[in-house]
Amino acid sequence: MKQRLLFLLLFTLLSIQALAQVQGQMQQVRPPGAPGNQQQSTTDTNYVYNRKPPYTFKRYFNSLAGKDSMNITRMWAGSIIVPGTAQLYNKEYWKIPIIYGTIGGFAYAGYRNNTLWQETGDKKYKTTRDLCYLGAALSYWGSILDGVSNYKYYKDVLPARASLYSAMVPGLGQIYNGDYWKVPIIYGGFITVGYFISSNNSQFQRYKYMYYETSDPDSPLFGKYNAQTMKYYKDTYRRYRDYSILTGIVVYALNVIDANVFAHLQDFDISDDLSASFSPGVIMPVNPQLTYNIGPTVGLNLKLTF
Numbered sequence: 008m009k010q011r012l013l014f015l016l017l018f019t020l021l022s023i024q025a026l027a028q029v030q031g032q033m034q035q036v037r038p039p040g041a042p043g044n045q046q047q048s049t050t051d052t053n054y055v056y057n058r059k060p061p062y063t064f065k066r067y068f069n070s071l072a073g074k075d076s077m078n079i080t081r082m083w084a085g086s087i088i089v090p091g092t093a094q095l096y097n098k099e100y101w102k103i104p105i106i107y108g109t110i111g112g113f114a115y116a117g118y119r120n121n122t123l124w125q126e127t128g129d130k131k132y133k134t135t136r137d138l139c140y141l142g143a144a145l146s147y148w149g150s151i152l153d154g155v156s157n158y159k160y161y162k163d164v165l166p167a168r169a170s171l172y173s174a175m176v177p178g179l180g181q182i183y184n185g186d187y188w189k190v191p192i193i194y195g196g197f198i199t200v201g202y203f204i205s206s207n208n209s210q211f212q213r214y215k216y217m218y219y220e221t222s223d224p225d226s227p228l229f230g231k232y233n234a235q236t237m238k239y240y241k242d243t244y245r246r247y248r249d250y251s252i253l254t255g256i257v258v259y260a261l262n263v264i265d266a267n268v269f270a271h272l273q274d275f276d277i278s279d280d281l282s283a284s285f286s287p288g289v290i291m292p293v294n295p296q297l298t299y300n301i302g303p304t305v306g307l308n309l310k311l312t313f
């Protein structure tokens, strides 16, 4: 009888201890944001420590002054808004007056020739005006490309630079990556798309004219052709033209994506060494909020080498 009572007492004490441990773990794992949630506090603290500070205008101007750094995308965007800022960040100050002198010179020459064309009506001034404005645009574009190409980076290949290259000059990112064979494919795609855009637009303009003529009672073509048939072909070729334009946009986007992806793969190990190994290890919870036990546990690590 005494042994049974002693066993019952011991069982009761162990049950109370186990229940207290479970309640303590449940108290640690409370709903997110609940007071006393240790896991939530740990997660929030890690998030605050790991979160990068926002990039402000103050940091941008400090970067231009050489007191901070910026990535190539921000430098590129800034040079689009204010030409020459990329050269300022790259410390190539001597290029800035050349950039503004070239852009300003072409723009002024275009303005003067436009004035002369309006006064005299001579088409040579109109042609010169267009060429000067084109020169100003190319000078502006060249200043942006120059800033991207001279951005300092510790690796030979920068994926963002490859993307910007292909965005500004399709195929240039592929040349930067060493994939020269892709350039004729890219421009072949653009030429094909351009052909279909031109062809479908010509047919669209043709049937558009025919539709208006067959719908006009005063036109000699009125009643000779069915206006609804002309409208059908007009809408069809307009749709084909729009599809061709969308295809051109897709080709352009694929050109940029390809440059970025294969620039990332420059550091990827593609050797034939493929192996797998198991080893004991300590596993930490991926998300402490979803487990009752926030402590580490022992398990196996699988390591693949390829």
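In short: position in the sequence shown from 1, add 7, done, that's this note's numbering. Even for Gly, the Cβ is constructed at its ideal location relative to N, Cα and C. Since the structure is predicted, the reported quantities are computational estimates derived from the model, not experimental observations.
In the displayed model, residue 72 falls within coil according to three-state DSSP, outside both helix and strand. Going by beta carbons, residue 173 and residue 263 fall inside the 8 Å limit.
With three or more CB-CB distances shorter than 8 Å, the segment 135-142 counts as touching the segment 103-122. Looking at the backbone, the Cα of residue 236 and that of residue 219 are separated by about 12 Å. Of the residues assessed, residue 96 falls on the buried side of the cut-off, its CB having 16 or more other CB atoms within 10 angstroms. Contact between residue 171 and residue 79 holds, since their C-beta atoms are separated by about 7 Å, short of 8 Å.
In the three-state scheme derived from DSSP, where H, G and I count as helix and E and B as strand, residue 63 is classed as coil. Judged by DSSP in its simplified three-state form, residue 160 adopts coil rather than helix or strand. The Cβ neighbour count for residue 166, taken over all protein chains shown within 10 Å, is at least 16; the residue is labelled buried.
Under the three-state reduction of DSSP output, residue 137 falls in the helix class.
Nearest to residue 164 by alpha-carbon distance, out of 182, 132, 148, is 182. Contact between the segment 105-118 and the segment 142-153 is present: 3 or more CB-CB pairs across the two stretches fall below 8 Å. Take residue 238, set aside five residues on each side of it, and the residues of its chain with a beta-carbon closer than 6 Å to its own are 218, in chain order. Of all C-beta pairs linking the segment 190-197 to the segment 241-251, fewer than three are shorter than 8 Å, placing the two stretches out of contact. Non-local beta-carbon contacts of residue 147 in its own chain, meaning distances under 7 Å to residues more than five positions away in sequence, involve 90, 110 in chain order.
DSSP, reduced to helix, strand and coil, places residue 220 within a helical segment of the structure shown. For residue 94, the enclosing alpha helix (DSSP H) stretches over residues 92-96. Residue 175 carries a helical assignment under DSSP once its states are collapsed to helix, strand and coil. One alpha carbon belongs to residue 100, the other to residue 211, and they sit about 51 Å apart.
Counting along the chain, residue 123 sits inside the alpha helix (DSSP H) bounded by residues 102-127.
For residue 83, the uninterrupted alpha helix (DSSP H) run begins and ends at 79-88, by DSSP. Under a 10 Å Cβ-count criterion, residue 178 is classified as buried, with 16 or more other Cβ atoms of the shown protein chains found around its own Cβ. Between the alpha carbons of residue 245 and residue 108 lies a distance of about 44 Å. In the structure shown, residue 185 falls within a coil segment according to DSSP collapsed to helix, strand and coil.
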